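Numbering (this note's numbering), first residue to last: 1 to 134.
Here's what the structure looks like:
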């Protein structure tokens, strides 16, 4: 089971024997139960990791798609100046979104490694919702 877990198979379990008056719960049974609990936790963390990576991937793809689309529109030489300014503004917003995502990933890494502490702050909810909607 340990070799399976080391290979990434977190469904591996150590069989537990039945406890009877003749065969009490011993250290090996306790180790086995703890091992099984560990594999359950690893499976849960693995799911969260995969979900996190999927979400980050989506958050990166969205602004990149926006940047790519507006860059293609900017290539049109007949584009008027107002449209050009609007498209450039949208590209800058998407770049800022990507930059913010990178900063957040760095913060997460620092929090997990203990290099940074949580800092709570008061935010203007209406402003945050407005920016998110934009």
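Even glycine gets a Cβ: it sits at the ideal position worked out from N, Cα and C. Keep in mind it's a predicted model, so treat the numbers as computed, not measured.
Residue 125 lies in the alpha helix (DSSP H); which residues open and close that run? 125-133
Residue 77 in three-state terms, based on DSSP: coil
With DSSP collapsed to three states, give me the class of residue 1. coil
Could you give the DSSP three-state label for residue 16: helix, strand or coil? Three-state result, residue 16: coil.
Quick one: residues in its chain with C-beta nearer than 7 angstroms to the C-beta of residue 97, no 5 flanking neighbours on either side, listed in chain order? 63
Are the CB atoms of residue 34 and residue 5 within a distance shorter than 7 angstroms? no
Does the Cβ-Cβ distance between residue 42 and residue 10 come in under 7 angstroms? yes
Since I believe residue 94 is in contact with residue 66 (beta carbons under 8 angstroms), could you give me their beta-carbon distance rounded to a whole number of angstroms? 4 angstroms
For a quick check, are the C-beta atoms of residue 70 and residue 91 less than 7 angstroms apart? yes
Find the nearest neighbour of residue 46 within the set 8, 83, 77 and 36, judged by alpha-carbon distance. 8
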